[in-house]
Amino acid sequence: MVKIELVDVYKGYYGGKVVAAEIPYLEIRDREFFGLLGPSGSGKTTTLRIIAGLTMPDRGKVLIDGEDITYVPPEKRGLGMVFQSWALFPHLTVYENIAFGLRLKKVPDDEISRKVKWAAELLRIEELLDRYPYQLSGGQQQRVAVARAIVVEPRALLFDEPLSNLDAKLREQVRFELSRLQKELGITSIYVTHDQAEALVMCDRIAVMNKGRIEQLGTPEEIYSSPATPFVAEFMGVTTLIPGNIIEVLNPSAGIVRVQIENSDITLVARTRVEKASVGNPVLLAVRPELVELASGGEQTNVVEAKILASSYLGDHMEYILSLGEYQTRLRTSTSIRLQPGEKVRITLDAKRLFAVPRQ
49 MVKIELVDVY KGYYGGKVVA AEIPYLEIRD REFFGLLGPS GSGKTTTLRI IAGLTMPDRG
109 KVLIDGEDIT YVPPEKRGLG MVFQSWALFP HLTVYENIAF GLRLKKVPDD EISRKVKWAA
169 ELLRIEELLD RYPYQLSGGQ QQRVAVARAI VVEPRALLFD EPLSNLDAKL REQVRFELSR
229 LQKELGITSI YVTHDQAEAL VMCDRIAVMN KGRIEQLGTP EEIYSSPATP FVAEFMGVTT
289 LIPGNIIEVL NPSAGIVRVQ IENSDITLVA RTRVEKASVG NPVLLAVRPE LVELASGGEQ
349 TNVVEAKILA SSYLGDHMEY ILSLGEYQTR LRTSTSIRLQ PGEKVRITLD AKRLFAVPRQ
């Protein structure tokens with residue numbers, strides 16, 4: 049069992065004017081693939097470095113399985129780390145790069161050979177052991193870096209944006225391999241990224257960070273479909289946030305409410321956080337294009353009239369900008385449907401997936 053905890057951790061710079069990390073409590077569970085997600089400067093890498101022992105917090109504790117390791121040197125924490133830069137030794141072969149940590153521990157040669165071959169097989173790089181880093185592709189170098197991290201059998205793995213230097217196609221391939229590896233090893237892993245798709249695909253739970261603080265902690269589905277704050281909604285790709293107020297609570301235990309759009313007679317049924325489901329609470333309706341469809345006539349909930357403002361042909365679909373009262377949203381249709389600017393249409397917004405984000 050390897051559980052990692054941060055307790056009352058704080059790290060600031062310039063006399064506290066810049067908060068790099070402020071985390072009252074965070075638990076990374078045993079065998080969990082945990083994501084730290086956020087834009088540049090959000091504090092995710094600082095948090096990872098505090099766990100690794102590369103950055104000292106101004107206060108607070110780092111615990112592994114209940115043991116306080118806050119002041120334990122990085123090399124004695126038993127953690128494996130994979131950096132963005134990969135940091136392979138150019139003068140060493142792949143075999144020697146992977147074996148480097150084992151040699152530092154004075155592991156016998158026969159055991160080194162066995163462990164290097166095990167790690168190479170796991171990463172599917174057995175045929176690369178005699179090559180040098182300059183002879184490898186970016187994806188191959190990344191696999192070598194991961195093999196070097198796991199060969200020492202760390203208590204947990206830490207990843208600091210390891211795929212950011214790869215092209216899009218290779219990134220997709222390697223993230224699948226990292227997910228497979230983590231599940232196969234059953235090792236507690238923490239993954240730092242600014243890429244929402246990476247976090248959603250790979251992680252069991254995600255902490256979305258902003259200005260050194262965790263804005264939301266939850267499963268990928270919770271983060272995507274039920275954003276806790278406007279920042280999380282926008283960071284997770286919501287292009288339209290429409291202000292409104294809760295005028296009716298339809299199901300308190302499920303957080304189902306009716307929202308009236310500001311400066312409009314339009315009302316829509318949506319979900320919100322249960323603790324925020326109160327009449328009068330201000331919210332922002334998170335309207336994703338996939339929630340908006342042309343009404344077919346049979347719908348009874350969330351059917352409203354909108355006006356086409358502009359259209360775009362995007363190859364496999366059409367995208368339209370619509371006016372909804374004094375606000376705008378987007379509609380996607382097949383290319384067989386062509387609507388003209390100025391045309392009025394009836395649309396429906398999926399009440400089960402439309403989310404009312406509490407306004408801050």
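With positions in the sequence shown counted from 1, the corresponding number in the numbering used here is that position plus 48. Positions of the beta carbon are idealized from the N, C-alpha and C atoms, including for glycine.
#1: Taking Cβ positions, are Ile-262 and Ile-112 nearer each other than 8 Å?
#2: Here's the rule: buried if 16 or more other CB atoms are within 10 angstroms of the residue's CB, otherwise exposed. What is Tyr-11?
#3: For Arg-380, which three-state DSSP category applies?
#4: Please return the same chain residues whose Cβ sits closer than 8 Å to the Cβ of Pro-389, not counting the five positions on each side in sequence.
#5: How would you call Asp-158, buried or exposed, if buried means at least 16 neighbouring beta carbons within 10 angstroms?
#6: Grouping DSSP H, G and I as helix and E and B as strand, with all else coil, what is Tyr-62?
#7: Could you tell me whether the Cβ atoms of Leu-176 and Leu-184 are closer together than 8 Å?
#8: Are the Cβ atoms of His-242 and Gly-86 separated by less than 8 Å?
#9: So, is Gly-303 buried or exposed, given that buried needs 16 or more other C-beta atoms within 10 angstroms?
#10: Can Gly-373 and Ile-294 be called in contact, C-beta distance under 8 Å?
#11: Do you know offhand how far Thr-288's Cα is from Thr-267's?
#12: For Phe-137 and Asn-145, I'd like the C-alpha separation in whole angstroms.
#13: Using CA atoms only, rank isn't needed, just tell me which of Val-66, Arg-401, Pro-105, Gly-91 is closest to Glu-269.
#14: Could you work out which residue in Leu-229, Trp-134, Gly-64, Leu-205 is closest to Arg-125 when comparing CA atoms only?
#15: Could you check the C-alpha separation between Gln-308 and Gln-132 for me, to the nearest Å?
#16: Give me whichever residues DSSP pairs with Arg-394 in a beta bridge.
#17: Give the DSSP-derived three-state secondary structure of Gly-187 in the structure shown.
#18: Going straight from the alpha carbon of Arg-219 to that of Ser-212, what length do you get?
#19: Could you round the C-beta distance between Met-250 and Ser-273 to whole angstroms and report it? I think they count as a contact, below 8 Å.
Checking against the coordinates, here is how it stands:
#1: If you number the sequence shown from 1, residue 262 lands on position 214. If you number the sequence shown from 1, residue 112 lands on position 64. The answer is no: Cβ separation not under 8 Å.
#2: Because the chain here runs from 49 to 408, residue 11 falls outside it and cannot be looked at.
#3: Taking the sequence shown and counting its residues from 1, one reaches residue 380 at position 332. Correct three-state label for Arg-380: strand.
#4: Reading the sequence shown from its first residue, position 341 is the one you call residue 389. Result list for Pro-389: Ile-356, Leu-357, Ala-358, Ser-359, in chain order.
#5: Numbered from 1 along the sequence shown, position 110 holds the residue referred to as residue 158. Exposed, since its Cβ has fewer than 16 Cβ neighbours within 10 Å.
#6: Indexing the sequence shown from 1 puts residue 62 at position 14. Coil, per DSSP.
#7: Here the question's residue 176 lines up with position 128 in the sequence shown. Here the question's residue 184 lines up with position 136 in the sequence shown. Between Leu-176 and Leu-184, the CB-CB gap stays under 8 Å.
#8: Locating residue 242 in the sequence shown gives position 194, counting from the first residue. Locating residue 86 in the sequence shown gives position 38, counting from the first residue. In this structure, His-242 places its C-beta atom within 8 Å of the C-beta atom of Gly-86.
#9: Residue numbering aside, residue 303 sits at position 255 when the sequence shown is read from its first letter. Of the residues assessed, Gly-303 falls on the buried side of the cut-off, its CB having 16 or more other CB atoms within 10 angstroms.
#10: Translated into the one-based positions of the sequence shown, residue 373 becomes position 325. Translated into the one-based positions of the sequence shown, residue 294 becomes position 246. For Gly-373 and Ile-294, no; Cβs fall outside 8 Å.
#11: Counted from its first residue, the sequence shown places residue 288 at position 240. Counted from its first residue, the sequence shown places residue 267 at position 219. C-alpha separation (whole angstroms): 23 Å.
#12: Reading the sequence shown from its first residue, position 89 is the one you call residue 137. Reading the sequence shown from its first residue, position 97 is the one you call residue 145. Straight through space, the alpha carbons of Asn-145 and Phe-137 are spaced by roughly 6 Å.
#13: Within the sequence shown, residue 269 is the residue found at index 221, counting from 1. Of Val-66, Arg-401, Pro-105, Gly-91, the residue nearest in Cα terms is Arg-401.
#14: Locating residue 125 in the sequence shown gives position 77, where the first residue counts as 1. Here the closest residue by C-alpha is Leu-205.
#15: Indexing the sequence shown from 1 puts residue 308 at position 260. Indexing the sequence shown from 1 puts residue 132 at position 84. About 46 Å.
#16: Residue numbering aside, residue 394 sits at position 346 when the sequence shown is read from its first letter. DSSP lists Glu-353 as partners of Arg-394.
#17: If you number the sequence shown from 1, residue 187 lands on position 139. For Gly-187, the three-state secondary structure derived from DSSP is helix.
#18: Position 171 of the sequence shown, counting from 1, holds the residue named residue 219. Position 164 of the sequence shown, counting from 1, holds the residue named residue 212. Taking the straight line from one Cα to the other gives about 8 Å.
#19: Counted from its first residue, the sequence shown places residue 250 at position 202. Counted from its first residue, the sequence shown places residue 273 at position 225. Contact flag wrong, Cβ pair sits at about 18 Å.
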